[in-house]
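Chains as they are written, first to last, in this note's numbering: chain A, 1 to 182; chain B, 183 to 474.
Structure, as structure tokens:
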């Protein structure tokens, strides 16, 4: 089979690789790039543990070929924290104990981040439907929902608060412009 | 699970894709969103020699309404269909079907054309296309061909598409005055394939009688099918619970479910009857409220 040369951006970094067309995106991320935060759970498109962002949309990376992601921008759980500052979703899962074994957590956080991008103020029902493609075998959904609710509140507050708060959350300097997105 | 090896190409346009299909007839398989095909490849139920990725082929994902049709491009994702203003404004049944497929990640990437070409016996779109008497447009190097939905779904994973054709568009008759639909499915959990699903589309005459009826059923036969006996029981009748029950019984009798982990045969037939009634209730409500 002909190897394919692919270039893509992963968590803001330009990456390239020569891959077999049958290589799955999740294996590219884990085995070639060493980004093992993305988990392989069911390997049958059900559980969502392997959820990552591809061009801003969540995808189950066990159900996408690496070659399909050629030219794409990928974001994984490793791209969520800004240095030592956890992303509000990571902080929410920490504070609310939104995990038991933790296996589903990276996928949950990536899906929740997408959900809050679509709908910054979701109801509990909308959160539950929003993560319906992500399974927690410990059935810890109550605290997962609480964690996402905490993060939603945090993100809303930082979007409407003065710049200093946004800078803390994002961990980057956005000094001059006042935030107006709220 | 690792798929068997294959070659991969990403043609820049439809002509390029058609040329490859002709050159590698029978060996090549089209890739759209991948949420139906990738699982098959991983289970090695399919082992094509070549995947032709349609990702770069522009112009296949439009959603437009003409004087007599709603036209949905084959590469429109379930999510884009679910959120499209034409659909949300005028086609609530299309919206319901799109929003109930799989889960959010599947809807982000899965496409209506890919789903129809895959033809899973329990998939959602065929029930709607059969009920609405939609047309499926396929293109090959020789030109374009319109296939009525009722002649399209032939068997499990088997359609009327030939190996050198690309499914390019779904055409649903434009919603006229007094037309309404409903789709109801039973699933064990969100994202599972339907145990059974029934789509009903009705046209009410000015005197309130049912002037036209379509009933599409999924999950309870080797392929989704039109419940023609149920349709015959509806046309000419006044909408009533009694009429709906008669149609439900006819749809159940026309089903050919197999017993599996989702339930025994008699249970599945009973569900088809009940889902038919519920979809018909919604269809009548929407038809009465729709002045066109």
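C-beta: ideal position from N, C-alpha, C; glycine also.
These numbers were taken from a predicted model, which means no experiment stands behind them.
Residue range of the alpha helix (DSSP H) that includes residue i
{"i": "residue 464 of chain B", "result": "447 to 471"}
{"i": "residue 157 of chain A", "result": "141 to 160"}
{"i": "residue 416 of chain B", "result": "410 to 416"}
{"i": "residue 311 of chain B", "result": "307 to 313"}
Segment limits, beta strand (DSSP E) that includes residue i
{"i": "residue 430 of chain B", "result": "Careful: residue 430 of chain B lies outside any beta strand (DSSP E), inside the alpha helix (DSSP H) at 423 to 436."}
{"i": "residue 174 of chain B", "result": "Limits of chain B in this structure are 183 at one end and 474 at the other, which puts residue 174 of chain B out of reach."}
{"i": "residue 86 of chain A", "result": "Counting along the chain, residue 86 of chain A falls outside any beta strand (DSSP E), and DSSP gives it neither H nor E."}
{"i": "residue 15 of chain A", "result": "13 to 19"}
{"i": "residue 327 of chain B", "result": "325 to 330"}
{"i": "residue 379 of chain B", "result": "378 to 386"}
{"i": "residue 299 of chain B", "result": "Looking at the DSSP string, residue 299 of chain B is not in any beta strand (DSSP E); the run it does join, the alpha helix (DSSP H), is 294 to 300."}
{"i": "residue 350 of chain B", "result": "348 to 355"}
{"i": "residue 4 of chain A", "result": "4 to 10"}
{"i": "residue 522 of chain B", "result": "Because chain B is modelled from 183 through 474, residue 522 of chain B falls outside the range shown and cannot be assessed."}
{"i": "residue 39 of chain A", "result": "Run containing residue 39 of chain A: none; DSSP gives neither H nor E here."}
{"i": "residue 398 of chain B", "result": "392 to 400"}
{"i": "residue 361 of chain B", "result": "361 to 368"}
{"i": "residue 404 of chain B", "result": "Premise fails: residue 404 of chain B is in no beta strand (DSSP E) and is neither H nor E."}
{"i": "residue 184 of chain B", "result": "No beta strand (DSSP E) contains residue 184 of chain B, which DSSP labels as neither H nor E."}
{"i": "residue 53 of chain A", "result": "51 to 54"}
Buried/exposed call for residue i, threshold 16 Cβ in 10 Å
{"i": "residue 389 of chain B", "result": "exposed"}
{"i": "residue 123 of chain A", "result": "exposed"}
{"i": "residue 101 of chain A", "result": "exposed"}
{"i": "residue 3 of chain A", "result": "exposed"}
{"i": "residue 248 of chain B", "result": "exposed"}
{"i": "residue 197 of chain B", "result": "exposed"}
{"i": "residue 450 of chain B", "result": "buried"}
{"i": "residue 323 of chain B", "result": "exposed"}
{"i": "residue 192 of chain B", "result": "buried"}
{"i": "residue 97 of chain A", "result": "exposed"}
{"i": "residue 7 of chain A", "result": "exposed"}
{"i": "residue 250 of chain B", "result": "exposed"}
{"i": "residue 422 of chain B", "result": "exposed"}
Own chain residues within Cβ distance below 6 Å of residue i, not counting five before or after
{"i": "residue 183 of chain B", "result": "224"}
{"i": "residue 222 of chain B", "result": "228"}
{"i": "residue 41 of chain A", "result": "47, 49"}
{"i": "residue 148 of chain A", "result": "112, 127"}
{"i": "residue 411 of chain B", "result": "432, 436"}
{"i": "residue 172 of chain A", "result": "Caution applies to residue 172 of chain A, whose pLDDT of 44 falls short of 50 and renders its modelled position unreliable; the value that the coordinates give is listed next. Counting only Cβ-Cβ distances below 6 Å, and skipping sequence neighbours, we find nothing."}
{"i": "residue 28 of chain A", "result": "66"}
{"i": "residue 115 of chain A", "result": "130"}
{"i": "residue 415 of chain B", "result": "428, 429, 432"}
{"i": "residue 43 of chain A", "result": "62"}
{"i": "residue 180 of chain A", "result": "For residue 180 of chain A, the predicted model reports a pLDDT of 37, less than 50, meaning its position is unreliable; a value from the coordinates is still stated below. Closer than 6 Å at Cβ, skipping near neighbours: no residue."}
{"i": "residue 395 of chain B", "result": "384, 413, 416, 417"}
{"i": "residue 217 of chain B", "result": "288, 291, 292"}
Beta-carbon proximity list for residue i, same chain, < 7 Å, skipping 5 on both sides
{"i": "residue 274 of chain B", "result": "468"}
{"i": "residue 328 of chain B", "result": "317, 319"}
{"i": "residue 215 of chain B", "result": "259, 291, 292, 293, 296"}
{"i": "residue 60 of chain A", "result": "45, 48, 50, 51"}
{"i": "residue 420 of chain B", "result": "390, 391"}
{"i": "residue 99 of chain A", "result": "93, 105, 140"}
Residue i CB to nearest heavy atom of the ligand NAD below 7 Å
{"i": "residue 155 of chain A", "result": "In terms of ligand content, the structure shown is empty, and the ligand NAD therefore cannot be addressed."}
Closest by C-alpha distance to residue i, when choosing among the options
{"i": "residue 58 of chain A", "options": "A/160, A/76, A/1, A/27", "result": "A/76"}
{"i": "residue 321 of chain B", "options": "B/446, B/199, B/185", "result": "B/199"}
{"i": "residue 12 of chain A", "options": "A/79, A/67, A/63", "result": "A/79"}
{"i": "residue 408 of chain B", "options": "B/313, B/206, B/326", "result": "B/313"}
{"i": "residue 152 of chain A", "options": "A/18, A/74, A/90", "result": "A/90"}
{"i": "residue 269 of chain B", "options": "B/257, B/253, B/284", "result": "B/253"}
{"i": "residue 477 of chain B", "options": "A/110, A/21, A/132", "result": "Lying before the first or after the last residue shown, residue 477 of chain B is absent from chain B, which here runs from 183 to 474."}
{"i": "residue 107 of chain A", "options": "A/135, A/73, A/81, A/95", "result": "A/135"}
{"i": "residue 379 of chain B", "options": "B/234, B/242, B/455", "result": "B/455"}
{"i": "residue 1 of chain A", "options": "B/230, B/205, B/342", "result": "B/230"}
{"i": "residue 472 of chain B", "options": "B/360, B/397, B/385", "result": "B/360"}
{"i": "residue 351 of chain B", "options": "B/326, B/213, B/458, B/462", "result": "B/326"}
{"i": "residue 88 of chain A", "options": "A/64, A/120, A/69", "result": "A/120"}
{"i": "residue 187 of chain A", "options": "A/69, A/21, A/17", "result": "Chain A is shown from 1 up to 182; residue 187 of chain A falls before or after that span and cannot be answered."}
{"i": "residue 278 of chain B", "options": "B/309, B/300, B/396", "result": "B/309"}
{"i": "residue 189 of chain B", "options": "B/205, B/385, B/218, B/232", "result": "B/232"}
Sequence-distant residues of its chain with Cβ nearer than 8 Å to residue i (five each side left out)
{"i": "residue 404 of chain B", "result": "303, 337, 338, 438"}
{"i": "residue 373 of chain B", "result": "284, 285, 288"}
{"i": "residue 207 of chain B", "result": "345, 346"}
{"i": "residue 245 of chain B", "result": "252, 253, 254, 255, 258, 262, 263, 266, 268, 269"}
{"i": "residue 333 of chain B", "result": "342"}
{"i": "residue 348 of chain B", "result": "196, 199, 200, 203, 212, 236, 256, 320, 321, 322"}
{"i": "residue 55 of chain A", "result": "72, 73"}
{"i": "residue 282 of chain B", "result": "306, 365, 367"}
Checklist entry - Can you give, in chain order, each stretch of the alpha helix (DSSP H) that sits fully within the region 115 to 139 of chain A and has at least 4 residues? => result Note on the region 115 to 139 of chain A: whole alpha helix (DSSP H) runs with a minimum of 4 residues are 124 to 130, in chain order.
Item to check | In chain order, each beta strand (DSSP E) run of at least 3 residues that lies wholly inside the region 201 to 237 of chain B | outcome: 210 to 213, 232 to 235
Item to check | Within the region 236 to 287 of chain B, ranges of the alpha helix (DSSP H) (whole runs, at least 4 residues) | outcome: 260 to 265, 267 to 272, 274 to 281, all fully within the region 236 to 287 of chain B.
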